[in-house]
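41 is the number that the working numbering gives to position 41 of the sequence shown; each next residue is one higher, with no gaps.
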Amino acid sequence: MENQAVEKPRGSNLSLFIIVAIALFAVAGAVVSLLYPDFIFLISGPTYVTGGALFDAIYVILTLATYALYLIGGAVLVYGAVLVTYRFIQYKVSDPYKPTHSTHFLSNYLTLSLNFFIGAEIIRTVAVRTYEEFALLILVIFSRGLFSLILYLERKWHGLSEEE
1 MENQAVEKPR GSNLSLFIIV AIALFAVAGA VVSLLYPDFI FLISGPTYVT
51 GGALFDAIYV ILTLATYALY LIGGAVLVYG AVLVTYRFIQ YKVSDPYKPT
101 HSTHFLSNYL TLSLNFFIGA EIIRTVAVRT YEEFALLILV IFSRGLFSLI
151 LYLERKWHGL SEEE
């Protein structure tokens, strides 16, 4: 038997960059909240009740990480919509009767952005203050998860799902 080198799957450099950028953004926000205590009222509103310096720093880290994930999800959605629209126009100008599969590509970008939004909502569950906020958050997570499932099943039923 020959010894074959088993290649370990490597993570994406983009994923590593996104994780490091979110972490640095959140830690910088925590440092700013420690140096300038009024900073926390900018991100949480005037009704915020402080719980001490460490609690405030953790709250700022979680809140800024949530905002960063929201921004990344929104950027993915806008980028995907612009790219799919551009490709759709490009294909239809060259051959108006050629299928473009634009809904398939758009649903991929929608699913990816929904995953970022759901991740942000899950992080946000740690930072909520009241039961009403928590109940609303659970409903939002459930509805986004259901929408993501519907997009997945729609792709699968049309035979355009990627191998899993």
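No residue lacks a Cβ here, since even glycine has one placed at the ideal position from N, Cα and C.
For Gly73, the enclosing alpha helix (DSSP H) stretches over residues 53-94. With a cut-off of 8 Å on Cβ pairs, the segment 13-30 is in contact with the segment 57-70, counting three or more such pairs. Contact between Ala81 and Val60 is absent: CB atoms are separated by about 32 Å, not below the 8 Å threshold.
Contact annotation: the segment 74-92 touches the segment 109-117, with at least three C-beta pairs closer than 8 Å.
Lys98: not part of any alpha helix (DSSP H); DSSP gives it neither H nor E. Contact between Ile141 and Glu121 holds: their C-beta atoms lie close to 5 Å from each other, under 8 Å. Assignment of Glu154 by DSSP, reduced to helix, strand and coil, places it in the helix class. Annotation for Val32: the continuous alpha helix (DSSP H) segment containing it runs 13-35. Ranked by how close their Cα comes to the Cα of Leu54, the residues Pro37, Leu42, Gly45 have Pro37 in first place.
Only exposed fits Ser12, as fewer than 16 other CB atoms lie within 10 angstroms of its CB. Residue burial is scored here from C-beta neighbours: Ile72 has at least 16 other C-beta atoms within 10 angstroms and is therefore classed as buried. Spanning the alpha carbons of Gly51 and Arg129 requires a straight line of approximately 12 Å.
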